[in-house]
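In the numbering used here, the protein residues as written are 14 to 168. Beta carbons: idealized from backbone N, C-alpha and C, even for Gly. Here the structure is a predicted model, which means the values were calculated and not measured. Have a look at the structure below before the remarks.
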């Protein structure tokens, strides 16, 4: 029963070992049985927290535009070991993070056309903050984008 539950979970989406342990516990599986099943799935390569963490970092940074801080929080929630999480987060360096923030701001700025520069800056900074960007990065990127926006250029 534990094996079929774990395999069903893995067939839907990749999962960390901690997520599978939680699901098996919710379903009433004995802890010893769950540990043996998960050990075997790890042994054959179906459960790999390192690969899962790397995949999650890539997808969350590229897809949702999350910063390392937000991704690290998500990895902790999914039960990924701190060392594995730190290793996976090395894929995203400061330059990558800043470039992604600039892309997000440029895309969002188009929809804020016509608003006062202060309102644009506040909304853009809020968006970046919700995605886990530090205040230093967020405000530097936002100030530059708003200042360079064609609608705010003096003729």
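- Residues of the same chain with a CB within less than 8 Å of the CB of residue 18, apart from the 5 flanking positions on each side, are 36, 37, 40, 42 in chain order.
- In this structure the segment 119–136 touches the segment 154–164; the number of beta carbon pairs closer than 8 Å is three or more.
- Secondary structure of residue 63 (DSSP, three-state): helix.
- Restricting attention to alpha helix (DSSP H) runs no shorter than 4 residues, the segment 130–164 encloses them at 130–143, 148–161, ordered along the chain.
- Assignment of residue 18 by DSSP, reduced to helix, strand and coil, places it in the helix class.
- Judged by DSSP in its simplified three-state form, residue 120 adopts helix.
- Considering only 77, 148, 159, the residue with the shortest C-alpha distance to residue 127 is 159.
- In terms of CA proximity to residue 67, 27 leads the group 49, 45, 31, 27.
- The beta carbon of residue 23 is closer than 8 Å to those of 33, 54, 59, 60 in its chain, skipping five residues each way along the sequence.
- In terms of Cα proximity to residue 50, the closest of 162, 96, 14, 106 is 14.
- Shortest Cα-Cα distance from residue 106 to any of 75, 138, 164 involves 75.
- For residue 103, the secondary structure class from DSSP, reduced to helix, strand or coil, is coil.
- The beta carbon of residue 73 sits closer than 7 Å to the beta carbons of 79, 84, 87 from its chain, once the five residues preceding and following it are set aside; these are given in chain order.
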